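Take 379 as the starting number for the sequence shown in the numbering used here and just add one per residue.
One structure is given below, encoded as structure tokens.
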Amino acid sequence: MSRKVIITCALVGSSTRKNQNPNVPYSPRELAEAAVLAHKAGAAMVHVHGVEDDGTNTTRVERIREGHDAIRQKCPDLIVNLTSALGPGATPEQRIGQIVAVKPEMASLNMGTMNFAAVNRKTGEVVVDYTFENSLFLISDFVRQMKENGVKPEMECYTSSHIDNFYAISGSGHFTAPLNFNFVWGVCGGQSFRPAMFTSMVQALPAGANFTACGVGNEEWPVITQSILCGGHVRVGLEDNIRMPNGELAKGNYELVEAAVRIIEGLGLEPATPDEARQIMGLTRR
């Protein structure tokens, strides 16, 4: 039997907007339609940020719940993974409060403080830069509340030190096996993709842990291929990358999923169904 590879589709993020690709979904209806197409293309899970109709990040629980519920109603088989980040300016209370209120099957858990930046590579000018604070105290509190509310954390690691942060607080008892990590490559302030660093991070994981990987922009395709080759899973989507491998704008999240499926099947493997993904990641279907 071929190994099953979980495809996560990150439908919309905190910075990718319609002026970059008009197919980025904003409204609950758009999110649900994009999720259905991504699922049909081969995604087992969708990762979602809440945004308002004008594309601004939202901290409103009602809006985030509407997006989550619209996806579940349109595509009840699909796993919904909500972000606990919410974008610049969100307070810790807002970040974890919407997770506790909505109770998705899975939610992101950022594993360390880091810069999030954008730099003009030609001039060296820093265009955007903010510090995304995730103290060990905050991470410990978030994972405790996730466990109490039946939400499985996906640990977001932008650098190898974020894996070490897991080890530092793993004795709390709030993390439960199987553990699920996501390596994020290409964010300015985090790590650029290097195959040797990738394999080093895989080797640093606890025994039996699952890992997924995503890459920003052009790094998406080599990153997910490396992840598959190392025994992991993949994330694609308009949050991370707006273009197909040939450089054309993606017609929607589903096209990026289709490209991932071609890579997976080209390596003799198969995309996991949502229920197969639940079994791998230790989720209980709701």
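Positions of the beta carbon are idealized from the N, C-alpha and C atoms, including for glycine.
Source: prediction; values computed, not measured.
Sixteen is the threshold: since fewer than 16 other Cβ atoms of the shown chains lie within 10 Å of the Cβ of residue 499, the residue is exposed. Straight-line measurement puts the Cα of residue 511 at about 23 Å from the Cα of residue 526.
In this chain, the alpha helix (DSSP H) harbouring residue 445 covers 439 to 452. Cβ neighbours of residue 621 within its own chain (closer than 7 Å, five residues either side excluded): 627, 628. DSSP, read as helix, strand or coil, puts residue 396 in coil.
By the criterion of a C-beta distance shorter than 8 Å, residue 439 is surrounded in its chain by 475, 476, 479, 480, once the five residues flanking it on both sides are discounted.
The Cβ atoms of residue 514 and residue 463 do not sit closer than 8 Å to each other. Per DSSP, the unbroken beta strand (DSSP E) holding residue 613 starts and ends at 611 to 614. When the beta-carbon positions are compared, residue 390 and residue 645 stay at least 8 Å from each other. Residue environment: residue 483 is assigned as buried (16 or more neighbouring CB atoms within 10 Å of its CB, all protein chains considered). According to DSSP, residue 509 shares a beta bridge with 493. One Cα belongs to residue 418, the other to residue 585, and the distance between them is close to 33 Å. When only Cα atoms are considered, residue 619 and residue 609 end up about 23 Å apart. Its Cα nearest to that of residue 625, the residue 399 stands out among 399, 509, 393. Check the Cα spacing between residue 568 and each of 530, 509, 603, 531: the tightest is with 509.
According to the DSSP secondary-structure assignment, residue 552 is paired through a beta bridge with no residue. Residue 560 sits buried, since 16 or more C-beta atoms from the chains shown fall within 10 Å of its C-beta.
Here DSSP, grouped into helix, strand and coil, assigns residue 530 to strand. Between residue 606 and residue 658, the gap from beta carbon to beta carbon reaches 8 Å or more. Look at residue 622 here: in three-state DSSP terms it is coil, with no helix or strand label.
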